[in-house]
Every structure is written in C-alpha cells, then in structure tokens.
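Quick note on my numbering: the sequence shown kicks off at 125 and runs consecutively.
Cβ coordinates follow ideal geometry from the N, Cα and C atoms, glycine included.
Quick caveat, the model's predicted, so the values are computed rather than measured.
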Amino acid sequence: MPKSRIRKKSDFTPPPEKKTAIKLDSRRWVAPFMLGLFLVGLLWIVVFYVTNGDYPVEAMGNWNIGVGFAFIAAGFGVSTQWK
Numbered sequence: 125m126p127k128s129r130i131r132k133k134s135d136f137t138p139p140p141e142k143k144t145a146i147k148l149d150s151r152r153w154v155a156p157f158m159l160g161l162f163l164v165g166l167l168w169i170v171v172f173y174v175t176n177g178d179y180p181v182e183a184m185g186n187w188n189i190g191v192g193f194a195f196i197a198a199g200f201g202v203s204t205q206w207k
C-alpha cells in the first residue's frame with residue numbers, strides 16, 4: 125500500500141496589532157508624579173515639625189501630620205499605575 129504524503133502545516137502569523145490614536149501604554153508621568161507626592165508629604169511633615177506647628181496650616185494642629193501622610197499614601201496609590 126502506498127504511503128500518504130505528509131502535509132506541512134503553515135507557519136503561524138499573529139494578527140496585526142490595532143493602532144490607536146492615543147498611546148495609553150505610555151506611563152512616563154507616573155514616576156515623577158509619585159515622587160512629587162512623596163516629597164510634598166515629607167516636606168509637609170518636616171515643615172510642621174520645624175515650625176512647631178505654625179506652618180503649613182496652623183488651624184489644623186496635629187492633623188497636619190495626617191495630611192502629610194495622605195500625600196505619601198496617594199504617592200503609593202499612584203505607584204500602582206507604574207509599569
């Protein structure tokens with residue numbers, strides 16, 4: 125009995141990628157914004173301690189520490205967008 129021919133499978137070609145007008149993959153803004161939030165939070169707390177509570181907002185009292193930590197926490201929140 126004759127042997128059948130072996131069929132060669134065609135090479136896989138991936139489908140072409142969709143091109144978008146706005147490149148959403150670029151997240152170059154994340155690192156500077158994150159570091160900026162960290163620095164603002166740190167400076168807020170340092171200024172509060174150095175001025176004995178007179179600055180940045182005297183009426184807030186010790187809540188200034190919470191505001192500083194909120195800026196730092198926001199920096200960590202933004203860091204989740206970094207790729």
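Considering just the uninterrupted stretch of the alpha helix (DSSP H) at residue i, what are its terminal residues?
i       : result
Ile-130 : Segment: none, Ile-130 is in no alpha helix (DSSP H) and carries neither H nor E.
Pro-156 : 154-174
Give the secondary structure of residue i by DSSP, where H, G and I count as helix, E and B as strand, and everything else as coil.
i       : result
Trp-187 : helix
Ser-202 : One detail in the question is off: residue 202 reads as Val in this sequence, not Ser. Looking at Val-202 - three-state DSSP - the assignment turns out to be helix.
Glu-141 : coil
Gly-192 : helix
Since residue i and residue j should fall inside the 8 Å C-beta cutoff, what is the C-beta to C-beta distance between them, to a whole number of angstroms?
i       : j       : result
Tyr-179 : Val-170 : Their Cβ separation, rounded to whole angstroms, is 11 Å, which puts Tyr-179 and Val-170 out of contact at 8 Å.
Val-154 : Gln-205 : 5 Å
Taking 8 Å as the line, does the beta carbon of residue i fall inside it for any heavy atom of the ligand HEM?
i       : result
Leu-159 : For the ligand HEM, the structure offers nothing, since it holds no ligand at all.
Determine the burial state of residue i: buried for a count of at least 16 other Cβ atoms within 10 Å of its Cβ, exposed for fewer.
i       : result
Leu-161 : buried
Asn-186 : exposed
Gly-190 : exposed
Gly-199 : buried
Asn-176 : exposed
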